[in-house]
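Report on one structure; see the data block that follows.
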Amino acid sequence: MKKAIGLAALAALLLGGTASAQQINVKIGVLTDMSSLYADDTGIGSVIGAKLAAEDFMKTNPNVKVEVVSADHQNKADNGVNIANQWYDRDGVDMIADVPNSGVALAIAEVTKTKNKVFVGSGPASSDLTGPKCSPNTIHWTYDTWMLANGTGRAMVKTGGDTWFFLTSDYAFGHALERDTAAVVEKSGGKVLGKVRHPINTNDFSSFLLQAQASKAKVIGLANAGGDTINAIKQGAEFGIVAGGQKFAGMLIFAPDVLALGLKTAQGLTFTETWYWDLNEGTRAWTKRWDKERNSPGKVPSMNMAGVYSGTLHYLKAVAAVGSAKDGKAVVDKMKALPAEDSIYGKSVVREDGRVLHPAYLFEAKKPAESKYPGDLYHLRATIPMEEAFRPLKDGNCPLVKG
Amino acid sequence: MLTIFGVPSAALFGQLLIGLINGSFYALLSLGLAVIFGMLNIINFAHGAQYMLGAVAAFLLLQFTGIGYWPALIVAPLIVGAFGIVIERTFLQWLYKLDHLYGLLLTFGLALIIEGVARNYLGSAGLPYALPESLRGGQNLGFMFLPNYRAWVIVVSLVICFGTWYAIERTRLGAYLRAATENPTLVRAFGINVPVMITLTYGFGVALAAFAGVMAAPIYNVSPQMGAELIIVVFAVVVIGGMGSILGAILTGFGLGIVEGLTKVFFPEASNTVIFVIMAIVLLVRPAGLFGRGA
């Protein structure tokens, strides 16, 4: 009898032991822009972000096996949805990361919800993702239009830029950014004199710049991103916009954009980001690793790529805590419950509506003479604490948030 | 200030001028396409990629050899033109007797490869290329600020367009060329080396695209997809003007640039589609295009 009890106890111990070290397989799909105007701000660099996160996590959690796949949505929502469906239904993908382009991201959030998987958005900007369109399966990591509008918009109005004209990218993202920024400008005592909406991926901005110039607004707000922002600023210099006394407010600018513009053109631009590669020891060490994988000298990672890393890492922690990646909502709930911290974003808070909070930074592009080494692009002008950087929970109209 | 349909007249004139400048690029590019189609019967879908190569060549010349904008205006088209000649000798020369479709498919494939390779090595955000020192600044015309460089673009493009038209329609060499496309055997009987002439014509068309690329480099970002974005519009221009018509390509190029500029004032959201709407209408009314000679 004693022997039997002993054996049973041993068996139970072994069973329990194997259960806690149970093998968990996770497949992550990085859905991004590999070939168009956002490719240098996300693209392959984001895939590397996810791979580094998988690598780091597997080192400390040998029982979790993470596989990373990637695809190009070409900035088309239908492409994105097709890939997502295929990934979820056929290829066993558990989580989709990145997804620059708010139009695609809103569609992906919808698919992810119906299939009960997880979407960790680092690329999209629209604050609607955690506002009216919030979902129990979506986490919005890096930034959003509300935060950009409040960071940059308020700073510009404060320094005298009280009349605005918008150049807006004509889709979900641009509209959201323009709406959020206009609200901030008006609330801070400024005035919006006009706007023009241009098609996404516009090569030639001269016509729109002329209209902005004719409006005599003190600030030209660029509610666009990537290649569009680069072209607008570059051609603005040609048309003497800044020389004529008007200022550009780049509502969404990434380090690779500044690099592409060259500091000579970009100098003095003020903008908000939540991450910069040269921020501290942790970010610099990570950039070194990223650089080695990227293997393209002279490139710097953007906040989106870092966001994919941090978001993926936190997601994996939640998966390990839940014990499986299969129930998307359970994993997201766990992401909200667990404290989020890593070496490059520091402490973050995952809020009820899926919004992730971290401090935001107001940067200014350096003058060419101030840049000491390759990739030395920014002055840090102000740090906005996380509670102020993002939209208050109650203002988002997210149906998930009760009362 | 005087307003026309609610738009200040100053802004309107500004847009007209901007349209003319963009039209210069359309004209330059569609000119090369028309020359190649008119003389070789090849629908050169790689034209956009070759335009991009021109800009990239200018960028690389500056980056690695210190050759600036002015020499690049000559050197880059020569390099890319030579590359075009290699393409013609290795691929295109076997296609002249086949349906247009084969040339289109081949050059389309080439364009994808060239753009893919460029993207792989250069990234996609684009590379900065500074304005030449002597063309910085601009003139205040009262109704708009005209950057000197853009004025230069209009002048150069007009000169090149007129020069090419003149060479093909009014000179002896042009007459040989036109004759060679009509009846190569007969022209060869006069002791003229037709294959060499055809090869050089393709090289010239490609060089024209590269030239436009160098002209564009300081204005637009030098990026792998700069040609892909433009080529569809330029094809529309060529089709509207009448495939293979040199004069048609030039006039429609400038004309559509202006129409597009005006659309950007009155209904900016449609500025990407207006050219295709016009194309549809023109093709319904005149299937051979505005200046085409028979379908």
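Read top to bottom, the protein sequences are chains P and R. Counting from 1, one number per residue, gives the positions in the first sequence under the working numbering. Counting from 1001, one number per residue, gives the positions in the second sequence under the working numbering. Think of the CB as a built atom: it goes at the ideal place given N, C-alpha and C, for glycine as much as any other residue.
Could you tell me the alpha carbon to alpha carbon distance between ASP89(P) and VAL118(P), rounded to whole angstroms?
14 Å
Take PHE1059(R) and list the residues in its own chain whose beta-carbon comes closer than 7 Å to its own, dropping the five residues that flank it on each side.
The beta carbon of PHE1059(R) is closer than 7 Å to those of LEU1127, TYR1129, ALA1217 and VAL1222 in its chain, skipping five residues each way along the sequence.
With DSSP as the reference, please indicate the residues paired to GLN1139(R) in a beta bridge.
LEU1146(R)
Could you pull the start and end residues of the alpha helix (DSSP H) that TRP146(P) belongs to?
145-148
Hey, would you say LEU1033(R) sits closer than 8 Å to ILE1114(R), going by beta carbons?
Not in contact: LEU1033(R) and ILE1114(R) (Cβ atoms no closer than 8 Å).
Contacts of GLU293(P) in chain R (Cβ-Cβ under 9 Å)
Here the premise fails: no neighbours, minimum Cβ distance about 15 Å.
How about GLY1248(R) and GLY1292(R): are their beta carbons less than 8 Å apart?
yes
Using beta carbons (cut-off 8 Å, strictly below), is GLN441(P) in contact with chain R?
Residue coverage of chain P in this structure runs from 1 to 403, which leaves residue 441(P) outside it and unanswerable.
Sorted by chain position, which residues of the same chain lie with C-beta nearer than 7 Å to GLY151(P)'s C-beta, five sequence neighbours on each side aside?
Closer than 7 Å at Cβ, skipping near neighbours: THR272, ALA360, LEU362, ILE384 and ALA389.
Can you list the residues of chain P that SER1030(R) reaches, using a CB-CB cut of under 9 Å?
Here the premise fails: no neighbours, minimum Cβ distance about 16 Å.
Which residue comes first and which comes last in the beta strand (DSSP E) that contains ASP342(P)?
340-342
At a CB-CB cut-off below 7 Å, which residues of chain P make contact with PHE1211(R)?
Those within 7 Å of PHE1211(R) in chain P number zero; the least Cβ separation is about 18 Å.
Backbone secondary structure at TYR361(P) - three-state DSSP
strand
For ASN25(P), the three-state DSSP class (helix, strand or coil):
Three-state DSSP puts ASN25(P) in a strand.
Classify PHE1162(R) as buried or exposed, calling it buried when 16 or more other Cβ atoms lie within 10 Å of its own Cβ.
exposed
Residue-chain proximity (ILE230(P), chain R), Cβ-Cβ < 8 Å
So, interface residue.
Under three-state DSSP, which class holds LYS265(P)?
According to the sequence displayed, residue 265(P) carries Thr and not Lys. THR265(P): helix per DSSP, three-state reduction.
Figure out for me which residue from PHE57(P), LYS113(P) and ASN75(P) has the closest Cα to the Cα of ALA330(P).
LYS113(P)
Would you kindly report the start and end of the unbroken alpha helix (DSSP H) that includes ALA1046(R)?
Taken as a continuous stretch (DSSP letters only), ALA1046(R) belongs to no alpha helix (DSSP H), as it is neither H nor E.
So that I know if they touch, is there some Cβ in chain R lying closer than 8 Å to that of PHE239(P)?
Yes, PHE239(P) lies at the interface with chain R (some Cβ there is under 8 Å from its Cβ).
For chain R, check one thing: does any of its Cβ atoms lie closer than 8 Å to the Cβ of ASN203(P)?
yes
Residue span of the beta strand (DSSP E) that contains ASP291(P), given as start and end:
Element bounds for ASP291(P): not the beta strand (DSSP E) but the alpha helix (DSSP H), 281-294.
Nearest chain A C-beta to LEU338(P) closer than 8 Å, yes or no?
Of the protein chains in the structure, P and R, none is chain A.
Whole-angstrom distance between PRO1147(R) and LEU1016(R), CA atom to CA atom:
15 Å
When the cut-off is 8 Å and only beta carbons count, does PRO1132(R) lie next to chain P?
no
Three or more C-beta pairs below 8 Å linking the segment 60-75 of chain P and the segment 22-40 of chain P:
yes
On the three-state DSSP scale, how would you describe GLY16(P)?
Reliability of the predicted coordinates at GLY16(P) is poor, the pLDDT of 49 falling under 50, and no value is obtained from them.
Neighbour flag for LEU1061(R) against chain P, beta carbons, 8 Å
no
On the DSSP letters alone, give me the boundaries of the alpha helix (DSSP H) that VAL1277(R) sits inside.
1274-1285
Close-in-space but distant-in-sequence residues of the same chain around LEU1073(R) (CB under 6 Å, 5 per side omitted)
VAL1214
Simplified DSSP assignment, three categories, for TRP164(P):
In the structure shown, TRP164(P) adopts extended strand secondary structure according to DSSP, grouped into three states.
Enumerate, from N- to C-terminal direction, the unbroken beta strand (DSSP E) stretches of 3 or more residues contained entirely within the segment 1073-1119 of chain R.
For the segment 1073-1119 of chain R, not one full-length beta strand (DSSP E) segment reaches 3 residues or more.
Give a yes or no on whether the minimum CB-CB distance between GLN951(R) and chain P is below 8 Å.
Outside the displayed span of chain R (1001 to 1295) sits residue 951(R), for which this structure offers no information.
Tell whether a beta-carbon distance below 8 Å holds between TYR1202(R) and GLY1103(R).
no
Should the segment 42-55 of chain P be regarded as contacting the segment 303-310 of chain P, the criterion being three or more beta carbon pairs within less than 8 Å?
yes
Just list the beta strand (DSSP E) runs in the segment 1143-1203 of chain R, keeping only unbroken ones of 3 residues or longer that don't cross its boundaries, in chain order.
1145-1147
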